[in-house]
Each structure stands twice: as C-alpha cells, then as structure tokens.
Amino acid sequence: MLTQTSFQGKLTKTQNLFIPFLVAGDPTPDITVQLAQKLQTAGADVLELGVPYSDPIADGPTIQRAAKRALESGMSLTKAIELVPKLRENGVDIPIVIFTYYNPVLQLGHDYFFELLEKNGVEGVLIPDLPYEESSEVRELALNYDIEYISFVAPTSEARIQQIAEQARGFLYCVSTLGVTGERHEIAPEVLYFIDKVKAYSQAPVAVGFGISTNEHVRLIQQHADGVIIGSKIIRLIEEELDSLLTAEAREQALERFYVQVSDLVK
Amino acid sequence: MTQVYPDAKGRYGDFGGKYVPETLMAPLQELERALDDAMDDQHFIDELHQVLTEYAGRPTALTFADKVTEQLGGAKVYLKREDLNHTGAHKLNNAIGQALLAKRMGKKNIIAETGAGQHGVASATVAAKFGLSCKVFMGEEDIKRQELNVFRMKLLGAEVVPVSSGNGTLKDATNEAIRYWVANCEDHFYLIGSVVGPHPYPRMVRNFQRVVGDESKVQFAAAEPSLPTRIYACVGGGSNAIGMFYPYLEDDVELIGVEAAGKGIDTSEHAATLSRGSRGVIHGSLTYLMQDENGQITEPYSISAGLDYPGIGPEHAYLFDSKRVRYEAVTDEEALESLKLLTETEGIIPAIETAHALAQAFKEAKHLTSDDTILINLSGRGDKDMATLMNHFQEEV
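These protein sequences, in sequence, are chains P and U.
Per our numbering, residue 2 is the first one in the first sequence, and the count goes up by one each step.
Per our numbering, residue -8 is the first one in the second sequence, and the count goes up by one each step.
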C-alpha cells in the first residue's frame, strides 16, 4: 500500500474543503469540462463527477433532471471516466471522485472498472447504493489500485458510525439529514451534533452533503466539519443558465455568472 | 433447502442482498428484528390467521376445471382461487401480514408502490381496516390506465401520489416510494407488494404468501391421490408464484413460472426478465433485470400492468439459475385467448396477469395424459381489466 495515495497527494488542505458535484454530460460533455474549470477557480478542492443513472434512488428531483439531460447527451459510466483526461488537459488538477450507482459498475465488472479509473487518472469513487455490508470486495480492490473508496454515514447509522468512520478513506461523506439529495431551507441543530459525533471517530476529513444550499449553511457546517459537498444547488445554478450555456455566443457570459454565484456561495 | 436460504445477509445463492443508501440500513435491520420476533410469537401468528380467515375469507377454494379439462383433452386442470380472496387477488395476504407487523412496530403510516393498482388497493384496504394512514405511489401513466383502482384507493381513504419521473410506471413509482421512505423512515412503514426489494422484504413477502401453496397442498391431497404433476403461476415481481411454489420446492413436482412476452420476446416490447434479462441491481436487490449495455435499466412492456416490471424477485433468479423452476414467456395475444377460454368454459374471468399462467398451462396440458394433474394459481380476478378487455374483445362480444 502506498504511504500516500494520489488523492491525498493532490489535496492541498484537509479543512474548509469545498466539494462540488457535477453530472457528467449535463448538458453536454464539453460544457461539463468548462463548468469544472470554473468550479476549480471558485475554490473547489475535490470534484465529485456524477454518472447519470436511469434509477437514482438517492437523488431528489434536481439531480434526477440533470441525469436525464446527461443520458440524453449519450453519457455512460465509461464515457464519464474517459472525460477525466479531458478535464486534466483543460487544467482541472484537483482530485476527481466518480459518483456512480452500483449497477453500471457491476456491468463493467469490478476489475475492469478499477483499471479504467486508474488508467484515466481518477482518484476516488463513491457508490451511494453499496453500503458497508455489500462493499467489502470493492473496498479491498480499491486498496490494490490507487483509488479511494469513499464511505457514507447517515443520521440513522448510530452504532454503525464508528465501524464505518474508522475505515474511512479519502473523505467521509456525512449525509446531513434523512432523505434524498436536494436543497433545504435550514440546517437543524441535530445535524451539528451528528457531525461532531462522526468527527470524533473519523481519521479522514469529514465532508457534509445533502441540503447545503446557502452561504450561511456553508459557514455553519464548516465550523463543525472539514468540508461541504454541494450538489443540487450547483445543478440548479446550471439549470438557470441552461439556454445560455447551450448557445455558443452566450456561453462565456453564462459561465462567468455561474462562477460568480458559486464564489458567493462558498466565500 | 428451506433452511439454506436466504442466508444471514439475505442471499439466495448470489442473489438478493441490501443495495440501499446507508440511511436505510438501520430501518432494514429494525424491520428484520421485528419480523423475526413477530414470526416467533404465537399471538402474532394467531392474529394473522384470524384476519386471513375472518376478514380475507381464507382458505380460498381449489376448483377442478372439468370443462377446460375436457376441452383440452389432456391433464386434469385444477385452479387455486386467489381471485376469491378479499379485494380480488393474492396481494391482500401480504398486505395483511405487513400491516399487522407495522402496527406491532408502532408505525402509524404506511407507504406502498403500485402498478396496476392491486397492491395499492390491498394496502389502502388494510390501512382502513387497521387505522393506518396510507400513501400509495403510482406512475402518472398507470394512473391514466387504471382509473377504477385509483378511485378505489381514494374511496378507502388512501392518498394516491402521482409519480412523473422516468416513464411514470411501476419502476418509477417504486423509486419514488423508496425516496419517500428514506426521508421518513423513522415513522413510516414501507409495505412492498412483491418478493422484490432489499432483504428482508423478499423473504417476508414470500412467508406471507406461502399460505397459497400451503393451503393448496392440503386441498389437493383431498382431491387427488398424489401431488400435482406440474404447477403454473405468472411472474412479474413474483409474489404469487413464490407463494405457490415455495411449499413444493422439495417435492417431486415440476414448477413453471410464466413471464410476459408482450409483443414477443424477440421484439423490444416485453417484460421477460429471466428469458431475456441479465444480472444486475434493481430496487435494492441483486437479481435479473432488463438493462442496456451501459447498465441503465430499460422499460418493459406488457398488456398486463402487473407484469410490467423490469426486475424479478431474487429468489426467482436463484430458482432459475439452479433450474429448480422452469420459466416460460407468453405473449399478450396468447394470454388474452386463454382468458377468453376460461371465461367461456368455466365462468371465471381471470386477471390478464393470471391469463399468462393459463396460456402456458393450457399449451402443455394437451400433451399430458389423464393420469397427470396440473395446478394453476389463479392469482386474481379480471374486473380491473374490463377497459382493456373491452378494447380488445368489443367486436367479438
């Protein structure tokens, strides 16, 4: 095993992490690359690159719509992984984590999947429907490759928190509240208590996702956790600019507005 | 065999398991503990038995179909009459079991998914009976196709939640029910309608449906000197089939599950998951399913909304691989022809789902002798299908 993984090598800090989420191919692969550049400039420390799936049971309506657009643009797990070298060519050098549901991975085969991740310079993988009990084979394989298998903890995990947190790699994805991805109005006080509990057990940085939608949320969460994961809010900013992004003449300005909005969100 | 699976991880050979978001792991463990505790409690078993007898009307009859037998000129044909169960199908057996369990766990709200609406109606029914609130998730397309059942559910006091994601059918309704459950798992009980989903659902639903097979075994012994030669049941998710087959798995009886071939298994419009699908994960379980080369789940097709599902219960996947059960596929046309035959000769209008089992059984019965006996699970009645049948048979009638 390496003393330091590529993920760790590329991560420039371990606190105040900003981890944005994009769906590969939403609305087109080329625009995904441009959006990722803007996110990096706005301070992203890790990019979570989502693979669109027909049946995303952990996702709310916003990410479901993004997945639908991406599938219509012809995106697949293999193509999403192969988009990574293109991101690198365009200057995106932060760690990239592939977020995918399990079924497409199963169809590629575990070994081939990890070979593909490594070959294309991916540093980590997140599989939301592969809980601890079902993931031992994949977790072990990830160790043989230079890939971090990132685990989830949820408010219902309770007795499982310690078990999962102690073996966390890359970062630990802390699901803030019950439910699917999507913007929320408020962060409940229990969430902060839950984060503190997770922090106590985790060796890896603890990043909090699900429902983080405003600058106030970001500031509050960063006081307790090591990072924030922002998905639906970013997807909605993209949605608001969809027409402009898809128009060659208007795209540059739309990307600039996206950059400003994201910067304000995490300032 | 009955002790071998599922194992502690909910595996039937390679199949089954719990492929769900972390949030649901604790609720699934809670459910498993509560289920095991209930099934060991004689009071719970007695209450279940009492409700099945006094409310649902069990045992349902075993009918010797003498006219069909005569017309086919082969094996003797018997029907297990789940159409006579309260609400008109086997679905209620499972809904009663799970509702009693929900009550025992102190959960006052149930949620359910439905395609044709039969499980939605069964869920709404038990919710009314046991004083629970009930939300039924149903695809927008199915809501249009099954107006009558939508009204039945509402009349029973349930809220029908339209699902517009995906193509607005059973698969999407199930996704949405799971999403709602993830957000509300602390005080909601998810009442799954078939032997699908994450462990312990496939085992729980099978155990609540095995009453069909268990009763038939006793009834058949009274009617015939030996066990049936062959037993037939239709398979969508597979709950009526597993309920019928399970008590016979260790017997010398040939078991045949019948899938929907839609417009033909060589077309793109069918729901023949085992005949044409491949291994994958759907709704929390490793099983066979219909998917494209990138692992995206594809939309099935069948004239019967109850068989219109791209996956199948993991226990069926196991029984298919181990060759203990033979799976065949029957087209829309073949199913409708058999529906008409049973209606005209026996005065029983079966559900279109059930008609798939009839079609395969009738095909094979002709080639058997009068010493052979076949048993068909008549899983439901056809009242809900009148609009479809009117479209199809209008000119003939």
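Glycine is no exception: its CB is placed at the ideal position from the N, C-alpha and C atoms.
Beta carbon proximity, residue i to chain P, threshold 7 Å
i: U/Arg201; result: no
i: U/Arg170; result: yes
i: U/Gln20; result: no
i: U/Val187; result: no
i: U/Asn158; result: no
i: U/Asn285; result: yes
Backbone CA spacing between residue i and residue j [nearest angstrom]
i: U/Leu330; j: U/Ile343; result: 7 Å
i: U/Glu38; j: P/Pro53; result: 46 Å
i: P/Pro283; j: U/Arg270; result: Absent from the model: residue 283 of chain P. The displayed extent of chain P is 2 to 268, so no value can be given.
i: U/Met16; j: P/Val181; result: 15 Å
i: P/Arg4; j: U/Ile256; result: For the record, residue 4 of chain P in the displayed sequence is Thr; it is not Arg. C-alpha separation (whole angstroms): 54 Å.
i: U/Ser361; j: U/Ala66; result: 5 Å
i: P/Gly75; j: P/Leu23; result: 16 Å
i: P/Ala169; j: P/Val199; result: 11 Å
i: U/Lys82; j: U/Glu206; result: 16 Å
i: P/Val93; j: P/Gln35; result: 10 Å
i: U/Ser313; j: U/Tyr223; result: 18 Å
i: P/Asp31; j: P/Asn91; result: 11 Å
i: U/Pro50; j: P/Glu134; result: 40 Å
i: U/Leu182; j: U/Ala86; result: 7 Å
i: U/Met96; j: P/Lys69; result: 38 Å
Min CB distance residue i to chain U below 7 Å
i: P/Val126; result: no
i: P/Asn91; result: no
i: P/Tyr103; result: yes
i: P/Gln108; result: yes
i: P/Val98; result: no
i: P/Leu179; result: yes
i: P/Ala249; result: no
i: P/Ser214; result: no
i: P/Gln65; result: yes
i: P/Ser77; result: yes
i: P/Ala201; result: no
Closer than 7 Å at the beta carbon, the chain P residues around residue i
i: U/Met129; result: Those do not exist, as U/Met129 stays about 17 Å from chain P at its closest Cβ, beyond 7 Å.
i: U/Glu399; result: Nothing can be reported for residue 399 of chain U, as the shown portion of chain U is limited to -8 through 388.
i: U/Lys99; result: Neighbours of U/Lys99 on chain P: none; closest Cβ ~17 Å, over 7 Å.
i: U/Ala174; result: Leu179, Gly180, Val181
i: U/Asn166; result: Asp56, Ile58
i: U/Ile36; result: Here the premise fails: no neighbours, minimum Cβ distance about 29 Å.
i: U/Lys0; result: Glu134
Boundaries (first-last residue) of the alpha helix (DSSP H) holding residue i
i: U/Met114; result: Residue 114 of chain U is actually Ser in this sequence, not Met. From DSSP, the alpha helix (DSSP H) with U/Ser114 extends over 109 to 121.
i: U/Met129; result: Note, U/Met129: premise wrong, no alpha helix (DSSP H); beta strand (DSSP E) at 124 to 130.
i: U/Thr105; result: Careful: U/Thr105 lies outside any alpha helix (DSSP H), inside the beta strand (DSSP E) at 100 to 105.
i: P/Val270; result: Outside the displayed range of chain P (2 to 268) lies residue 270 of chain P, so it cannot be described from this structure.
Residue i - containing beta strand (DSSP E), residue span
i: U/Thr278; result: 276 to 280
i: U/Thr364; result: 364 to 369
i: U/Tyr318; result: 316 to 322
i: P/Pro21; result: 18 to 24
i: U/Glu250; result: 245 to 253
i: P/Gly51; result: 48 to 51
i: U/Val226; result: From DSSP, U/Val226 is part of no beta strand (DSSP E); its letter is neither H nor E.
i: U/Leu70; result: 67 to 72
i: P/Glu242; result: Element bounds for P/Glu242: n/a, residue is neither H nor E.
i: U/Val388; result: Counting along the chain, U/Val388 falls outside any beta strand (DSSP E), and DSSP gives it neither H nor E.
i: P/Gly150; result: Note that residue 150 of chain P is Tyr in the sequence shown, not Gly. Element bounds for P/Tyr150: 149 to 151.
Proximal chain P residues relative to residue i, where beta-carbon distance stays under 8 Å
i: U/Tyr10; result: Tyr103, Asp130, Leu131, Pro132, Glu135
i: U/Lys162; result: Asp56
i: U/Gly271; result: Asn104, Leu107, Gln108
Within-7 Å CB hit, residue i to chain A
i: U/Met16; result: Among the chains of the structure shown, chain A does not appear; the protein chains present are P and U.
Partners in chain U for residue i, counting only beta-carbon separations shorter than 8 Å
i: P/Ser245; result: By Cβ distance, chain U contributes nothing, its closest Cβ being about 26 Å from P/Ser245, past 8 Å.
i: P/Arg237; result: Going along chain U, no residue has its Cβ under 8 Å from P/Arg237, so there is no contact; the nearest lies around 17 Å.
i: P/Leu72; result: Gln287
i: P/Arg140; result: Going along chain U, no residue has its Cβ under 8 Å from P/Arg140, so there is no contact; the nearest lies around 14 Å.
Residue i: contacting residues in chain U (beta-carbon distance under 9 Å)
i: P/Arg170; result: Going along chain U, no residue has its Cβ under 9 Å from P/Arg170, so there is no contact; the nearest lies around 16 Å.
i: P/Arg185; result: In chain order: nothing, as chain U lies at least about 11 Å away.
Residues that residue i contacts on chain U, provided the C-beta gap is smaller than 7 Å
i: P/Arg252; result: Here the premise fails: no neighbours, minimum Cβ distance about 28 Å.
Length-filtered (4 minimum) alpha helix (DSSP H) runs lying within the region 133 to 218 of chain U: 138 to 146, 161 to 175, 192 to 200, 202 to 214
In chain order, what are the residue ranges of uninterrupted alpha helix (DSSP H) at least 4 long that sit wholly in the region 76 to 129 of chain P? When DSSP assignments are scanned along the region 76 to 129 of chain P, the uninterrupted stretches of alpha helix (DSSP H) that are 4 or more residues long and fall wholly within it turn out to be 78 to 90, 103 to 109, 111 to 120.
Of all the beta strand (DSSP E) runs that stay within the bounds of the region 171 to 217 of chain P, which reach a length of 3 or more residues? 173 to 176, 207 to 210
Within the region -6 to 63 of chain U, ranges of the alpha helix (DSSP H) (whole runs, at least 4 residues): 13 to 30, 33 to 42, 57 to 63
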